[in-house]
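Contents: one structure, followed by commentary.
There are 2 protein chains.
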Amino acid sequence: MEDSRTADGGRQRPTLEMVAAEAGVSRGTASRALNGGHNVSRRAMEAVQAAAARLGYRPNLAARSLVLGRSGSIGLVVSESDERLFSDPYFATVARGVHAELMAHDVQLVLALAQTPAERERMLRWSAGRPLDGVIIISVHGADPLPGAIATEGVPVVIGGAVEGPDRDLPGLASVDADNLAGARTAVEHLVARGRTRIGHISGPLDMVVGRDRLEGWRSVVSGLPGGAPSTLSVEGDFTEASGAEAARRLLAAHPDLDGVFTANDVMARGALGALQQAGRRVPQDVAVVGFDDLPGTEGIAPGLTTVRQPVIEMGRLMARTLLMMIEGRPLAEQHAVVSTTLVVRETS
Amino acid sequence: MEDSRTADGGRQRPTLEMVAAEAGVSRGTASRALNGGHNVSRRAMEAVQAAAARLGYRPNLAARSLVLGRSGSIGLVVSESDERLFSDPYFATVARGVHAELMAHDVQLVLALAQTPAERERMLRWSAGRPLDGVIIISVHGADPLPGAIATEGVPVVIGGAVEGPDRDLPGLASVDADNLAGARTAVEHLVARGRTRIGHISGPLDMVVGRDRLEGWRSVVSGLPGGAPSTLSVEGDFTEASGAEAARRLLAAHPDLDGVFTANDVMARGALGALQQAGRRVPQDVAVVGFDDLPGTEGIAPGLTTVRQPVIEMGRLMARTLLMMIEGRPLAEQHAVVSTTLVVRETS
DNA sequence: GAGCAGGCTGGGAGCGCTCCCATGTGGAGT
DNA sequence: ACTCCACATGGGAGCGCTCCCAGCCTGCTC
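Line by line, the protein sequences are chains F and C. If you want the numbering used here, it's the 1-based position in the first sequence plus 329. If you want the numbering used here, it's the 1-based position in the second sequence plus 329.
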């Protein structure tokens with residue numbers, strides 16, 4: 330009779346059946362007592378709760394999700410190297426927003442990495458098995474097939490960022506993005522208003538829509554300036570501090586008369602500020618700098634940095650809310666939300 | 330007959346039963362064909378695989394884990410603010426090691442945050458429901474009851490760091506830690522060998538064993554020096570760059586004759602280096618600095634920093650391997666592993 | 001005092017899967 | 001030709017839970 334499949338000393342985990350027996354009620358009543366207690370007498374209620382406590386009962390989530398068709402947890406999938414995931418405060422901030430919203434709805438959040446092709450394939454297989462009720466995917470590079478593939482499996486997907494191509498029309502796929510084009514334009518127009526005429530750009534990865542959008546915002550303004558927007562006036566970075574420093578050095582080398590820089594995020598702005606200082610340029614007198622993000626709690630990254638604020642926490646919350654709506658099958662107000670940004674002027678411009 | 334519980338257009342997800350019917354075999358044969366194919370004829374094998382592909386079959390993981398009693402995924406639980414989780418490269422590095430090992434064993438890794446008391450309670454309830462076969466917990470503060478509580482629920486736990494108190498003897502709880510005491514001692518002895526006599530310490534949080542161990546290592550050496558180890562010679566930090574800078578300023582204020590600093594991690598060393606520079610001290614001529622960690626790929630954090638290397642990736646792998654052993658019920662070579670560190674001398678000392 | 005709601009209760013059905021066992025089926029051994 | 005065994009197969013049992021429905025017992029109304 331003793332099933333010793335488990336390794337924990339042979340003691341069997343208590344099941345609902347055992348709790349019911351201990352409480353002297355049926356399985357059905359025990360289930361009701363433990364889940365809201367509708368149509369359960371006070372006596373039964375207390376007996377069941379006492380029995381559950383006595384036995385240390387914990388409902389088996391696999392059994393529950395098998396019958397419910399829901400696991401009660403959602404995934405935050407990051408298509409990014411673990412290195413950048415953990416070094417860029419952007420992800421932390423999105424995660425904070427998502428997390429805050431989910432906690433309020435009693436949904437468990439799990440993070441999962443899907444960087445290499447093998448991991449992405451495994452991620453697809455796994456999520457298709459429905460251990461998660463839905464997923465939020467951030468940091469999508471290129472024309473990544475993963476979000477669309479997961480959505481096609483019937484698992485709701487929300488993308489943090491823009492969606493291009495045919496995936497835009499998939500019913501099970503929504504997105505939340507900042508208005509990167511307008512934000513970038515505002516930043517550069519601000520530099521122009523400050524009298525700058527030689528404004529460089531340190532872009533994000535150009536295989537990401539966010540990288541291209543901010544570049545395009547910069548270009549649309551700078552190309553109207555006397556000098557135009559020669560290709561050497563924008564340098565591609567990868568959102569890391571080191572790449573920001575390197576890009577700033579290259580900008581300076583190609584354009585010694587540089588008097589303004591717009592970087593695609595604040596972390597790269599930090600790198601650029603360091604490089605400018607090393608090159609003997611004063612900020613903002615010689616070169617004015619504007620970043621992008623303005624994440625809360627990251628004043629330390631680049632003190633006094635003028636930047637374009639995107640409401641990342643609120644965006645995270647919106648992603649979570651959107652996903653929960655989709656999971657419940659409720660209609661979305663807008664499948665692809667775009668939230669606006671604000672210029673925050675400080676000392677570097 | 331049509332069950333419209335699902336929201337995905339009414340198309341029912343294919344089950345194993347349907348695949349079997351499509352392939353013209355029984356459920357049992359289909360199951361065998363899809364899992365290794367033992368005792369399955371070539372004909373049946375191919376028919377099942379074709380049918381599965383045609384229907385887009387994906388096994389339901391809840392059903393599988395219900396019968397197997399295993400979910401095939403393990404959790405990396407971080408008892409830390411999302412902010413620090415994502416800003417300290419230490420976590421990324423542990424995660425990388427854990428991840429590498431698990432991928433090789435075809436186990437899915439999920440990260441979960443458990444910072445606030447409410448989240449920790451939820452984490453306990455959740456993990457007790459066995460959605461995970463085991464958990465690795467890192468960044469444990471104080472006498473955290475969470476690891477012990479999870480282990481007591483019968484879920485194997487591996488702690489990244491040291492374990493103190495009664496939890497040490499729990500059968501379902503193991504740990505992997507660096508030899509922080511010896512590492513710290515080596516660092517400070519190195520400074521002494523360099524002729525330094527006024528060696529301060531910027532410690533980690535003292536509610537963490539790792540913080541206390543490295544402090545103790547420093548103290549054991551410094552207390553033997555002529556000036557001893559007055560309380561003002563060590564300042565508590567929280568492993569962040571800002572706290573390192575602030576601590577360095579306080580050390581300098583209390584001890585203008587400071588000629589050496591040992592910081593409990595590299596990130597704080599970076600902050601300290603900045604503060605020392607601002608205070609006009611030359612490194613290493615005026616003040617020598619030694620950090621702790623030497624994480625791969627983080628040369629950018631503090632170039633040329635002399636530091637104590639702990640093999641964090643290998644430790645992550647060891648945590649994962651240990652957990653897998655426990656899950657399989659195999660005996661552990663050592664329940665509490667301690668790995669040794671190496672001093673890496675560079676330019677700051 | 002019969003009739004009737006409405007609250008409680010027990011237990012069957014079933015979620016989708018893997019294991020197990022009884023039952024085939026062919027080829028090798030005598 | 002007969003036995004024997006290895007391989008192949010189908011389908012029942014059961015993992016632990018929630019839903020559902022029939023049946024019960026109250027307490028109330030007329």
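The beta-carbon is built from N, C-alpha and C at its ideal position, and this holds for glycine as well.
Query raised in the report: Who are the near neighbours of arginine 610 of chain C in its chain, counting only those whose CB is closer than 7 Å to its CB and skipping five residues on each side?
Result: Locating residue 610 of chain C in the second sequence gives position 281, counting from the first residue. If we look at arginine 610 of chain C and ignore the five residues flanking it on each side, its Cβ neighbours are Val616.
Query raised in the report: So is glutamine 437 of chain F in contact with chain C if we call contact Cβ pairs under 8 Å?
Result: On the first sequence, position 108 is the one that residue 437 of chain F refers to. Answer yes: the Cβ-Cβ gap between glutamine 437 of chain F and chain C drops below 8 Å somewhere.
Requested in this report: Compile a chain-ordered list of the residues in the region 559 to 573 of chain C whose CB is closer than 9 Å to at least one CB of chain F.
Outcome: Those residues of the region 559 to 573 of chain C that come within reach of chain F (Cβ to Cβ, closer than 9 Å) are Thr569, Glu570, Ala571.
Requested in this report: Closer than 7 Å by beta-carbon distance: list the chain F residues that pair up with glutamate 482 of chain C, in chain order.
Outcome: Position 153 of the second sequence holds residue 482 of chain C. Result: Arg387.
Query raised in the report: Which one of C:Met597, C:Gly633, C:Ala507 has the shortest CA to CA distance from threonine 671 of chain C?
Result: On the second sequence, residue 671 of chain C is found 342 positions in, with the first residue counted as 1. If we check each option's Cα against that of threonine 671 of chain C, C:Ala507 comes out closest.
Query - Boundaries of the beta strand (DSSP E) in which isoleucine 528 of chain F is found, first to last residue - result: Along the first sequence, one-based indexing puts residue 528 of chain F at 199. Taken as a continuous stretch (DSSP letters only), the beta strand (DSSP E) holding isoleucine 528 of chain F covers 528 to 532.
Query raised in the report: Residues in its own chain within less than 6 Å of alanine 441 of chain F by CB, not counting five upstream and five downstream?
Result: As a first step, residue 441 of chain F is located in the first sequence; it is residue number 112 there, counting from the start. Close CB contacts of alanine 441 of chain F within its chain, under the 6 Å cut and outside five residues either way in sequence, are with Gly404, Val406 (chain order).
**Report entry** Where the beta strand (DSSP E) through isoleucine 488 of chain F begins and ends
**Finding:** Sequence index remark: in the first sequence, residue 488 of chain F carries index 159 (1-based). Segment 486 to 489, the beta strand (DSSP E) holding isoleucine 488 of chain F.
Report task. With 8 Å as the threshold, decide whether the Cβ of arginine 342 of chain F is near any Cβ in chain C. Result -> Here residue 342 of chain F corresponds to residue number 13 of the first sequence, with the count starting at 1. At a cut-off of 8 Å between C-beta atoms, arginine 342 of chain F counts as an interface residue with respect to chain C.
Query raised in the report: Roughly how many whole angstroms lie between the Cα atoms of glutamate 412 of chain F and glycine 357 of chain C?
Result: Walking along the first sequence from the start, residue 412 of chain F turns up at place 83. Walking along the second sequence from the start, residue 357 of chain C turns up at place 28. Distance between the alpha carbons of glutamate 412 of chain F and glycine 357 of chain C is about 44 Å.
Query raised in the report: Are the region 565 to 573 of chain F and the region 651 to 662 of chain F touching by the rule of at least three beta carbon pairs closer than 8 Å?
Result: Proximity of the region 565 to 573 of chain F to the region 651 to 662 of chain F falls short of the contact definition, fewer than three beta-carbon pairs being nearer than 8 Å.
Requested in this report: Can you have a look at proline 485 of chain C and say buried or exposed, based on whether 16 or more other CB atoms are within 10 angstroms of its CB?
Outcome: For the purposes of this step, residue 485 of chain C is taken as the residue at position 156 of the second sequence. Around the C-beta of proline 485 of chain C, 16 or more other C-beta atoms lie within 10 Å, and the residue is accordingly described as buried.
Report task. Provide the residue span of the alpha helix (DSSP H) that contains threonine 635 of chain F, from first to last. Result -> Counted from its first residue, the first sequence places residue 635 of chain F at position 306. Where threonine 635 of chain F is concerned, there is no enclosing alpha helix (DSSP H), although the beta strand (DSSP E) it sits in stretches over 635 to 638.
**Report entry** Residue interval of the alpha helix (DSSP H) (run including isoleucine 656 of chain C)
**Finding:** Reading the second sequence from its first residue, position 327 is the one you call residue 656 of chain C. Element bounds for isoleucine 656 of chain C: 641 to 656.
Report task. Report buried or exposed for aspartate 435 of chain F, applying the criterion of at least 16 other Cβ atoms within 10 angstroms of its Cβ. Result -> Locating residue 435 of chain F in the first sequence gives position 106, where the first residue counts as 1. Exposed.
Report task. Return the first residue and the last residue of the beta strand (DSSP E) that histidine 434 of chain F is part of. Result -> In the first sequence, residue 434 of chain F corresponds to position 105, counting from 1. From DSSP, histidine 434 of chain F is part of no beta strand (DSSP E); its letter is neither H nor E.
Query raised in the report: Listed in chain order, which residues of the region 395 to 415 of chain F have Cβ atoms closer than 8 Å to some Cβ of chain C?
Result: So the list reads Leu395, Gly398, Ser400, Ser402, Gly404, Asp411, Glu412, Leu414, Phe415, given in the order they occur along the chain.
Query raised in the report: Which residues, taken in chain order from the region 616 to 645 of chain C, show a beta carbon closer than 8 Å to some beta carbon of chain F?
Result: Those residues of the region 616 to 645 of chain C that come within reach of chain F (Cβ to Cβ, closer than 8 Å) are Gly626, Gly629.
Query raised in the report: Can you name, in chain order, every residue of its own chain whose Cβ lies under 7 Å from the Cβ of glycine 471 of chain C, other than the five neighbours on each side?
Result: For this step, residue 471 of chain C is matched to residue 142 along the second sequence. Only Asp536 meet the Cβ criterion.
Query raised in the report: Which residues does DSSP pair with alanine 507 of chain F in a beta bridge?
Result: Residue 507 of chain F sits at position 178 when you count from the first residue of the first sequence. DSSP, once it has assigned bridges, lists F:Val668 as partnering alanine 507 of chain F.
Report task. List the residues of chain F that glycine 489 of chain C touches, going by C-beta distances under 9 Å, in chain order. Result -> Here the question's residue 489 of chain C lines up with position 160 in the second sequence. Result: empty, since nearest Cβ-Cβ is about 15 Å, beyond 9 Å.
Query raised in the report: Are alanine 391 of chain F and alanine 457 of chain C touching if we call contact CB-CB under 8 Å?
Result: As a position in the first sequence, residue 391 of chain F is number 62, starting the count at 1. As a position in the second sequence, residue 457 of chain C is number 128, starting the count at 1. Going by C-beta atoms, alanine 391 of chain F is not nearer than 8 Å to alanine 457 of chain C.
Report task. Kindly identify the DSSP beta-bridge partner or partners of leucine 440 of chain C. Result -> If you number the second sequence from 1, residue 440 of chain C lands on position 111. DSSP links leucine 440 of chain C through a beta bridge to F:Leu440, C:Leu405.
Requested in this report: Give the DSSP-derived three-state secondary structure of alanine 577 of chain C in the structure shown.
Outcome: Working through the second sequence from its first residue, we reach residue 577 of chain C at position 248. The three-state reading of DSSP puts alanine 577 of chain C in helix, counting H, G and I together.
Query raised in the report: What alpha helix (DSSP H) runs, 4 residues minimum, are completely inside the region 571 to 629 of chain F?
Result: Here the runs fully enclosed are 595 to 607.
**Report entry** glutamate 448 of chain C, DSSP secondary structure in three states
**Finding:** Position 119 of the second sequence holds residue 448 of chain C. Shown here, glutamate 448 of chain C sits in a helix according to DSSP, grouped into three states.
Query - Span of the beta strand (DSSP E) around valine 354 of chain F - result: Position 25 of the first sequence, counted from the first residue, corresponds to residue 354 of chain F. Taken as a continuous stretch (DSSP letters only), valine 354 of chain F belongs to no beta strand (DSSP E), as it is neither H nor E.
Query - Contact the region 376 to 392 of chain F vs the region 584 to 596 of chain F: 3+ CB pairs below 8 Å - result: Contact fails: fewer than three Cβ-Cβ distances are below 8 Å.
Query raised in the report: So glutamate 545 of chain F packs on leucine 580 of chain F, CB below 8 Å; how close in whole Å?
Result: On the first sequence, position 216 is the one that residue 545 of chain F refers to. On the first sequence, position 251 is the one that residue 580 of chain F refers to. Contact between glutamate 545 of chain F and leucine 580 of chain F does not hold, since their C-beta atoms are separated by about 18 Å, which reaches or exceeds 8 Å.
Query raised in the report: Excluding the five sequence neighbours on either side, which residues of its own chain have a C-beta within less than 8 Å of the C-beta of glutamate 518 of chain C, listed in chain order?
Result: The sequence position of residue 518 of chain C within the second sequence is 189, counting from 1. By the criterion of a C-beta distance shorter than 8 Å, glutamate 518 of chain C is surrounded in its chain by Val550, once the five residues flanking it on both sides are discounted.
Query raised in the report: Mapping DSSP to helix, strand and coil, what is serine 678 of chain F?
Result: Taking the first residue of the first sequence as 1, we reach residue 678 of chain F at position 349. Secondary structure of serine 678 of chain F (DSSP, three-state): coil.
Query raised in the report: Beta carbon of leucine 384 of chain F, beta carbon of proline 343 of chain F: below 8 Å?
Result: Taking the first sequence and counting its residues from 1, one reaches residue 384 of chain F at position 55. Taking the first sequence and counting its residues from 1, one reaches residue 343 of chain F at position 14. Yes, the pair counts as a contact, with Cβ atoms nearer than the cut-off.
Requested in this report: Taking only beta-carbon positions, decide if arginine 675 of chain F is within less than 8 Å of chain C.
Outcome: Residue numbering aside, residue 675 of chain F sits at position 346 when the first sequence is read from its first letter. No, because no Cβ of chain C sits closer than 8 Å to the Cβ of arginine 675 of chain F.
Query raised in the report: In this structure, does DSSP put leucine 562 of chain F in helix, strand or coil?
Result: On the first sequence, residue 562 of chain F is found 233 positions in, with the first residue counted as 1. In the three-state reduction of the DSSP assignment, leucine 562 of chain F falls in the helix class.
Query raised in the report: What in chain C is Cβ-close to leucine 390 of chain F, meaning under 7 Å?
Result: Here residue 390 of chain F refers to the residue found at position 61 of the first sequence. By Cβ distance, chain C contributes Gly458, Arg459, Pro460.
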